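Here full-length UniProt numbering is used: the first residue of the sequence shown is 6, the next is one more, and so on.
We put the CB at the ideal spot given by N, CA and C, even for glycine.
Keep in mind that this is a model prediction, so the values were computed, not measured.
This report concerns only the one structure given below.
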Amino acid sequence: SKRLRGQKIARNFIIGNSAVQLPHPLFIDPPSGHTKGWRVYVRPLPNGPDITTWLKKVQFKLHHTYADASRTIESANVKDGCFEIQETGYGEFGVELRLYFPTESGEKAQYREHYLVLTYWGSPEQQAAQEAKNWIVSERVETIEFNEPTVDFAKTLTSE
Ligand code: SLL
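Set out below in structure tokens:
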């Protein structure tokens, strides 16, 4: 469909991970040697608009030590509007994310990277709180820009 000449539409969302030290009730029977349970995700801002209207699929590429390193989540299958992979392991690495948009938007996939944080970080007080709760979170607000989107995709992007 027609494109919005000279216009740019930006959307914000979150890319991040949570992690726990194993053993942990959310991660049953981890393989031997796995000391961490984690989730890596793409999700809306707190109380922010749904992102599954414009984000159709996220491919997460994990470290090659994982048997099936490429994991894909479709918007039709997300829970709570959050594209997420859950795993266990022993070490940190950069997760490559490929974000896909509706076919009819004509937008190419966009790449992002998230380096997993599985160890306590920040001030001694922050680290003590993470250890006490056995809960680590590392996330950031990410911006995505669409240059001269189609009129229809622009509507999708800005509808809430
Ligand atoms: C490290 N440079 O050694 C990193 C590599 C790789 C993590 C971390 C695989 C688990 C599995 C896993 O945790 N890989 O074999 O399923 O710290």
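Nearest to residue i by CA position, among the options, is which residue?
i	options	result
residue 92	156, 108, 107 and 75	75
residue 108	158, 82 and 41	158
residue 111	49, 152, 12 and 11	152
residue 41	52, 132 and 24	24
residue 82	43, 63 and 8	63
residue 53	97, 7, 18 and 30	18
Assuming contact is defined by CB atoms lying nearer than 8 Å, are residue i and residue j in contact in what I supplied?
i	j	result
residue 20	residue 145	yes
residue 100	residue 66	yes
residue 16	residue 162	yes
Applying the 10 Å Cβ sphere with the 16-neighbour rule, what's the burial state of residue i?
i	result
residue 135	buried
residue 95	exposed
residue 128	exposed
residue 37	exposed
residue 45	buried
residue 43	buried
residue 33	exposed
Kindly indicate the opening and closing residues of the beta strand (DSSP E) around residue i.
i	result
residue 15	13 to 26
residue 63	62 to 66
residue 79	75 to 79
residue 102	99 to 105
residue 142	141 to 152
residue 88	88 to 94
Which first and last residues belong to the alpha helix (DSSP H) in which residue i is found?
i	result
residue 41	Note, residue 41: premise wrong, no alpha helix (DSSP H); beta strand (DSSP E) at 41 to 48.
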